[in-house]
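In this note's numbering, the protein residues as written are 525 to 814.
C-beta: ideal position from N, C-alpha, C; glycine also.
Everything below concerns the one structure shown next.
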(Lines of atoms letter the chains of each structure in order from A; the text may use other names.)
(Lines give C-alpha, C1' and ligand atoms only; values in the text may rest on other atoms or scores of the structure.)
Protein backbone atom coordinates (compact mmCIF):
# COMPACT_ATOMS: atom_id res chain seq x y z
CA UNK A 525 0.00 0.00 0.00
CA UNK A 526 1.28 3.44 -0.91
CA UNK A 527 1.36 6.04 1.78
CA UNK A 528 0.56 9.71 1.15
CA UNK A 529 3.37 12.19 1.45
CA UNK A 530 3.37 13.88 4.85
CA UNK A 531 2.00 17.40 4.87
CA UNK A 532 4.28 20.22 6.00
CA UNK A 533 3.98 20.74 9.71
CA UNK A 534 2.72 24.04 11.08
CA UNK A 535 6.12 24.81 12.54
CA UNK A 536 7.81 24.79 9.15
CA UNK A 537 5.17 27.14 7.76
CA UNK A 538 5.67 29.51 10.65
CA UNK A 539 9.44 29.36 10.12
CA UNK A 540 9.02 30.16 6.42
CA UNK A 541 6.72 33.10 7.20
CA UNK A 542 9.28 34.39 9.68
CA UNK A 543 11.98 34.26 7.02
CA UNK A 544 9.80 36.24 4.61
CA UNK A 545 9.31 38.97 7.22
CA UNK A 546 13.05 39.46 7.78
CA UNK A 547 13.71 41.71 4.71
CA UNK A 548 10.84 44.05 5.60
CA UNK A 549 11.98 44.16 9.24
CA UNK A 550 15.52 45.09 8.21
CA UNK A 551 14.19 47.77 5.86
CA UNK A 552 12.05 49.30 8.63
CA UNK A 553 14.93 49.25 11.10
CA UNK A 554 17.38 50.84 8.67
CA UNK A 555 14.95 53.33 7.12
CA UNK A 556 12.90 54.33 10.17
CA UNK A 557 14.43 53.36 13.50
CA UNK A 558 17.95 54.26 12.41
CA UNK A 559 17.21 57.90 11.49
CA UNK A 560 15.10 58.32 14.63
CA UNK A 561 17.98 57.09 16.77
CA UNK A 562 20.39 59.45 14.99
CA UNK A 563 17.94 62.32 15.46
CA UNK A 564 17.66 61.60 19.16
CA UNK A 565 21.45 61.55 19.45
CA UNK A 566 21.65 64.91 17.66
CA UNK A 567 19.11 66.35 20.10
CA UNK A 568 21.53 65.69 22.96
CA UNK A 569 24.27 67.75 21.34
CA UNK A 570 24.97 71.40 22.01
CA UNK A 571 24.42 74.15 19.47
CA UNK A 572 26.98 76.94 19.25
CA UNK A 573 26.46 79.57 16.51
CA UNK A 574 29.25 79.32 13.98
CA UNK A 575 30.19 75.75 14.98
CA UNK A 576 27.00 74.04 13.82
CA UNK A 577 26.92 71.28 16.44
CA UNK A 578 29.15 70.25 19.32
CA UNK A 579 29.12 66.61 20.42
CA UNK A 580 27.95 66.09 23.95
CA UNK A 581 25.29 64.61 26.18
CA UNK A 582 23.07 67.42 27.40
CA UNK A 583 19.33 67.86 27.84
CA UNK A 584 19.47 71.63 27.52
CA UNK A 585 17.51 71.52 24.24
CA UNK A 586 14.60 69.77 25.96
CA UNK A 587 14.84 72.11 28.94
CA UNK A 588 14.75 75.07 26.56
CA UNK A 589 11.58 73.77 24.92
CA UNK A 590 9.64 73.01 28.11
CA UNK A 591 10.68 76.19 29.92
CA UNK A 592 9.83 78.58 27.09
CA UNK A 593 6.11 79.53 26.96
CA UNK A 594 6.36 80.20 23.22
CA UNK A 595 7.29 76.61 22.35
CA UNK A 596 4.77 75.18 24.81
CA UNK A 597 2.05 77.28 23.17
CA UNK A 598 3.09 75.93 19.78
CA UNK A 599 2.79 72.35 21.08
CA UNK A 600 -0.61 73.03 22.68
CA UNK A 601 -1.83 74.75 19.52
CA UNK A 602 -0.74 71.77 17.44
CA UNK A 603 -2.54 69.32 19.73
CA UNK A 604 -5.67 71.49 19.73
CA UNK A 605 -5.75 71.76 15.95
CA UNK A 606 -5.13 68.02 15.55
CA UNK A 607 -7.93 67.09 17.99
CA UNK A 608 -10.43 69.47 16.38
CA UNK A 609 -9.58 68.24 12.89
CA UNK A 610 -9.83 64.60 13.95
CA UNK A 611 -13.26 65.10 15.55
CA UNK A 612 -14.49 67.09 12.54
CA UNK A 613 -13.30 64.39 10.14
CA UNK A 614 -15.06 61.73 12.22
CA UNK A 615 -18.34 63.68 12.40
CA UNK A 616 -18.29 64.54 8.69
CA UNK A 617 -16.84 61.26 7.49
CA UNK A 618 -19.00 58.72 9.33
CA UNK A 619 -22.28 59.52 7.52
CA UNK A 620 -20.52 59.68 4.15
CA UNK A 621 -18.73 56.40 4.79
CA UNK A 622 -22.03 54.77 5.78
CA UNK A 623 -23.71 55.96 2.59
CA UNK A 624 -20.82 54.67 0.48
CA UNK A 625 -20.82 51.33 2.27
CA UNK A 626 -24.57 50.74 2.02
CA UNK A 627 -25.38 52.23 -1.36
CA UNK A 628 -26.46 49.80 -4.08
CA UNK A 629 -26.13 52.34 -6.87
CA UNK A 630 -24.23 51.44 -10.03
CA UNK A 631 -22.35 54.70 -9.55
CA UNK A 632 -20.79 53.52 -6.28
CA UNK A 633 -17.34 53.23 -7.85
CA UNK A 634 -17.62 56.78 -9.15
CA UNK A 635 -18.54 58.00 -5.67
CA UNK A 636 -15.50 56.27 -4.19
CA UNK A 637 -13.30 57.77 -6.91
CA UNK A 638 -14.71 61.21 -6.06
CA UNK A 639 -13.57 60.67 -2.45
CA UNK A 640 -10.13 59.42 -3.50
CA UNK A 641 -9.57 62.03 -6.22
CA UNK A 642 -8.33 64.82 -3.87
CA UNK A 643 -5.51 62.53 -2.77
CA UNK A 644 -4.02 62.81 -6.26
CA UNK A 645 -3.33 66.50 -5.61
CA UNK A 646 -0.48 67.57 -3.35
CA UNK A 647 -1.15 69.31 -0.06
CA UNK A 648 0.60 72.48 -1.23
CA UNK A 649 -1.58 72.68 -4.34
CA UNK A 650 -4.75 72.19 -2.34
CA UNK A 651 -3.64 74.82 0.18
CA UNK A 652 -2.99 77.22 -2.69
CA UNK A 653 -6.54 76.58 -3.89
CA UNK A 654 -7.90 77.48 -0.46
CA UNK A 655 -5.79 80.66 -0.57
CA UNK A 656 -7.59 81.77 -3.72
CA UNK A 657 -10.92 81.09 -2.00
CA UNK A 658 -10.18 82.69 1.38
CA UNK A 659 -8.31 85.84 0.32
CA UNK A 660 -9.84 89.29 0.74
CA UNK A 661 -10.57 89.24 -3.00
CA UNK A 662 -11.11 85.50 -3.13
CA UNK A 663 -14.17 83.64 -4.32
CA UNK A 664 -15.72 83.40 -0.84
CA UNK A 665 -15.56 87.11 0.02
CA UNK A 666 -16.39 88.27 -3.50
CA UNK A 667 -19.50 86.05 -3.54
CA UNK A 668 -20.74 87.30 -0.17
CA UNK A 669 -20.08 90.93 -1.08
CA UNK A 670 -21.79 90.44 -4.45
CA UNK A 671 -24.87 89.11 -2.68
CA UNK A 672 -24.83 92.09 -0.34
CA UNK A 673 -24.41 89.94 2.77
CA UNK A 674 -21.22 91.69 3.92
CA UNK A 675 -19.69 95.14 3.37
CA UNK A 676 -16.08 94.30 4.26
CA UNK A 677 -14.10 91.15 3.46
CA UNK A 678 -14.00 88.55 6.21
CA UNK A 679 -10.48 87.89 7.44
CA UNK A 680 -10.05 84.15 6.97
CA UNK A 681 -6.54 83.84 5.59
CA UNK A 682 -3.70 83.50 8.10
CA UNK A 683 -6.05 82.41 10.88
CA UNK A 684 -6.57 79.16 12.75
CA UNK A 685 -9.92 78.76 11.00
CA UNK A 686 -8.24 78.63 7.60
CA UNK A 687 -5.73 76.07 8.86
CA UNK A 688 -8.50 73.91 10.34
CA UNK A 689 -10.48 73.93 7.10
CA UNK A 690 -7.40 73.11 5.06
CA UNK A 691 -6.28 70.20 7.26
CA UNK A 692 -9.82 68.78 7.48
CA UNK A 693 -10.08 68.83 3.69
CA UNK A 694 -6.75 66.98 3.43
CA UNK A 695 -7.53 64.31 6.05
CA UNK A 696 -11.23 63.68 5.41
CA UNK A 697 -10.72 61.15 2.56
CA UNK A 698 -8.52 58.98 4.82
CA UNK A 699 -11.24 58.87 7.46
CA UNK A 700 -13.99 58.10 4.94
CA UNK A 701 -12.10 55.29 3.22
CA UNK A 702 -11.10 53.68 6.53
CA UNK A 703 -14.64 53.76 7.91
CA UNK A 704 -16.22 52.66 4.65
CA UNK A 705 -14.12 49.49 4.46
CA UNK A 706 -15.09 48.52 8.02
CA UNK A 707 -18.80 49.35 7.70
CA UNK A 708 -19.02 47.23 4.55
CA UNK A 709 -17.98 44.23 6.64
CA UNK A 710 -20.87 44.72 9.08
CA UNK A 711 -23.84 42.53 8.04
CA UNK A 712 -26.84 44.60 7.08
CA UNK A 713 -29.22 42.15 8.76
CA UNK A 714 -27.81 43.27 12.13
CA UNK A 715 -29.23 46.73 11.51
CA UNK A 716 -32.51 45.27 10.27
CA UNK A 717 -32.75 43.16 13.42
CA UNK A 718 -32.32 46.27 15.56
CA UNK A 719 -35.09 48.04 13.64
CA UNK A 720 -37.37 44.99 13.92
CA UNK A 721 -36.92 45.07 17.70
CA UNK A 722 -38.18 48.64 17.79
CA UNK A 723 -34.92 50.59 17.85
CA UNK A 724 -35.00 54.09 16.42
CA UNK A 725 -32.32 55.04 13.85
CA UNK A 726 -30.36 57.00 16.44
CA UNK A 727 -30.49 54.11 18.90
CA UNK A 728 -29.42 51.65 16.20
CA UNK A 729 -26.39 53.79 15.37
CA UNK A 730 -25.45 54.26 19.04
CA UNK A 731 -26.05 50.69 20.25
CA UNK A 732 -25.28 48.58 17.16
CA UNK A 733 -23.49 50.34 14.31
CA UNK A 734 -21.07 52.47 16.32
CA UNK A 735 -19.65 49.64 18.50
CA UNK A 736 -19.28 47.33 15.49
CA UNK A 737 -17.55 50.08 13.52
CA UNK A 738 -15.16 50.87 16.39
CA UNK A 739 -12.10 49.27 14.70
CA UNK A 740 -12.58 51.61 11.75
CA UNK A 741 -13.18 54.58 14.05
CA UNK A 742 -9.95 53.90 15.91
CA UNK A 743 -7.94 53.38 12.73
CA UNK A 744 -9.38 56.49 11.07
CA UNK A 745 -8.92 58.74 14.09
CA UNK A 746 -5.35 57.55 14.66
CA UNK A 747 -4.47 58.15 11.01
CA UNK A 748 -6.04 61.59 10.78
CA UNK A 749 -4.65 62.65 14.16
CA UNK A 750 -1.09 61.72 13.18
CA UNK A 751 -1.42 63.52 9.84
CA UNK A 752 -2.80 66.63 11.54
CA UNK A 753 -0.10 66.67 14.21
CA UNK A 754 2.61 66.54 11.53
CA UNK A 755 1.00 68.88 8.99
CA UNK A 756 3.42 71.27 7.31
CA UNK A 757 2.28 72.75 3.98
CA UNK A 758 -1.22 73.70 5.12
CA UNK A 759 -0.18 75.63 8.28
CA UNK A 760 2.59 77.43 6.38
CA UNK A 761 0.42 78.55 3.45
CA UNK A 762 -2.90 79.14 5.22
CA UNK A 763 -1.64 80.12 8.66
CA UNK A 764 1.19 82.40 7.64
CA UNK A 765 4.45 83.05 9.51
CA UNK A 766 2.73 84.09 12.74
CA UNK A 767 0.69 80.88 13.07
CA UNK A 768 3.23 78.30 14.17
CA UNK A 769 2.70 74.57 14.49
CA UNK A 770 5.21 71.89 15.31
CA UNK A 771 5.87 70.83 11.71
CA UNK A 772 6.88 74.28 10.42
CA UNK A 773 8.76 74.90 13.67
CA UNK A 774 10.93 71.83 13.07
CA UNK A 775 11.63 72.91 9.50
CA UNK A 776 12.58 76.39 10.65
CA UNK A 777 15.14 75.05 13.13
CA UNK A 778 16.77 72.76 10.56
CA UNK A 779 16.63 74.85 7.39
CA UNK A 780 16.56 78.45 8.59
CA UNK A 781 18.22 78.55 12.03
CA UNK A 782 20.59 75.66 11.22
CA UNK A 783 20.09 74.52 14.81
CA UNK A 784 20.06 70.78 14.34
CA UNK A 785 20.22 69.82 18.06
CA UNK A 786 17.18 71.90 18.95
CA UNK A 787 15.39 70.82 15.77
CA UNK A 788 16.06 67.19 16.71
CA UNK A 789 14.68 67.80 20.20
CA UNK A 790 11.50 69.38 18.78
CA UNK A 791 11.10 66.49 16.33
CA UNK A 792 11.45 63.92 19.10
CA UNK A 793 9.01 65.81 21.32
CA UNK A 794 6.50 65.93 18.46
CA UNK A 795 6.85 62.21 17.79
CA UNK A 796 6.59 61.32 21.47
CA UNK A 797 3.54 63.53 22.03
CA UNK A 798 1.82 62.04 18.98
CA UNK A 799 2.47 58.46 20.10
CA UNK A 800 1.47 59.08 23.72
CA UNK A 801 -1.77 60.85 22.85
CA UNK A 802 -2.63 58.17 20.30
CA UNK A 803 -2.00 55.31 22.74
CA UNK A 804 -3.93 57.00 25.57
CA UNK A 805 -6.94 57.74 23.34
CA UNK A 806 -6.86 54.18 22.01
CA UNK A 807 -6.83 52.70 25.50
CA UNK A 808 -9.64 54.97 26.72
CA UNK A 809 -11.90 54.16 23.76
CA UNK A 810 -11.21 50.42 23.93
CA UNK A 811 -11.97 50.38 27.65
CA UNK A 812 -15.19 52.31 27.06
CA UNK A 813 -16.45 49.93 24.34
CA UNK A 814 -14.92 46.69 25.60
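C-beta contact flag for residue 610 and residue 769 at 8 Å: Taking the chain shown and counting its residues from 1, one reaches residue 610 at position 86. Taking the chain shown and counting its residues from 1, one reaches residue 769 at position 245. Contact flag unset, no.
Alpha carbon of residue 693 to alpha carbon of residue 749, nearest angstrom: In the chain shown, counting from the first residue as 1, residue 693 sits at position 169. In the chain shown, counting from the first residue as 1, residue 749 sits at position 225. For residue 693 and residue 749, the distance between alpha carbons rounds to 13 Å.
Buried or exposed by the 16-neighbour rule on C-beta atoms within 10 Å, applied to residue 540: For the purposes of this step, residue 540 is identified with residue 16 of the chain shown, where counting begins at 1. Label assigned to residue 540: exposed.
Validate contact between the segment 732-750 and the segment 794-813 using beta carbons, cut 8 Å, 3 pairs: yes
Selected residue, minimal CA-CA separation from residue 585, among 713, 721, 568: In the chain shown, residue 585 corresponds to position 61, counting from 1. Nearest of 713, 721, 568 to residue 585, Cα basis: 568.
Spatial distance of residue 703 from residue 734 (CA atoms): Against the chain shown, residue 703 aligns to sequence position 179. Against the chain shown, residue 734 aligns to sequence position 210. Going from the Cα of residue 703 to the Cα of residue 734 covers about 11 Å.
Assigned secondary structure, residue 578 (DSSP; H/G/I helix, E/B strand, else coil): Within the chain shown, the letter at position 54 stands for residue 578. DSSP places residue 578 in the strand class (E or B) of the three-state scheme.
Cut-off 8 Å between Cβ atoms - residues of its own chain near residue 807, not counting five sequence neighbours on either side: The residue labelled residue 807 in the question sits at position 283 within the chain shown. There are no such residues.
Local Cβ density within 10 Å of residue 787, reported as buried at 16 or more and exposed below that: Stepping through the chain shown from its first residue, residue 787 is reached at position 263. The residue is buried, with at least 16 neighbouring Cβ atoms inside 10 Å.
Anticipated Cβ contact below 8 Å, residue 688 with residue 598, distance rounded: For the purposes of this step, residue 688 is taken as residue 164 along the chain shown, with counting starting at 1. For the purposes of this step, residue 598 is taken as residue 74 along the chain shown, with counting starting at 1. The Cβ separation is near 16 Å, so there is no contact.
Residue 628, DSSP secondary structure in three states: Position 104 of the chain shown holds residue 628. Reduced to three states, the DSSP call for residue 628 is coil.
Backbone secondary structure at residue 777 - three-state DSSP: One-based indexing of the chain shown puts residue 777 at position 253. If DSSP states are grouped into helix, strand and coil, residue 777 belongs with the helices.
Same chain, Cβ closer than 7 Å to residue 840, neighbours up to 5 away in sequence not counted: Coverage of the chain is limited to positions 525 through 814, which leaves residue 840 absent and any answer about it impossible.
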